[in-house]
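Chemist: Residue numbers (our numbering): 3 to 76. The beta carbon of each residue, even a glycine, is placed where N, CA and C say it ideally should be. Predicted model, so just to flag it, every value in this text is computed and none were measured. Dropping the structure in here first, questions after.
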């Protein structure tokens, strides 16, 4: 069995949160959403914030296009 010290556990959690913040900021930029807001959500919540980003992206697309419109994504 491998036992991690507290320092290693903190380092792993911090690296996951930082990576999640960078990835969510990049996804928000590519989607046209607020980059700072989603980067901070990624830094605070980590990977748990990814479903929130997808839901917000879907609602923003619906709001921009309209209710009965259809879109073609390539």
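Considering only the alpha carbon of each residue, which of 21, 5 and 10 lies closest to residue 48?
Modeler: Nearest of 21, 5 and 10 to residue 48, Cα basis: 21.
Chemist: Could you name the residues of the same chain whose beta carbon sits closer than 6 Å to that of residue 50, not counting the 5 residues immediately before and after it, in chain order?
Modeler: Around residue 50: no qualifying Cβ.
Chemist: According to DSSP, simplified to helix, strand and coil, what is residue 5?
Modeler: Residue state, collapsed to three classes: coil.
Chemist: Can you list, in chain order, the residues of its chain whose CB lies under 8 Å from that of residue 67, leaving out five sequence neighbours each side?
Modeler: Here the set comprises 73.
Chemist: Secondary structure at residue 74, three-state DSSP: helix, strand or coil?
Modeler: Of the three classes helix, strand and coil, the one that applies to residue 74 here is coil, per DSSP.
Chemist: Could you give the DSSP three-state label for residue 60: helix, strand or coil?
Modeler: DSSP places residue 60 in helix when its eight states are reduced to three.
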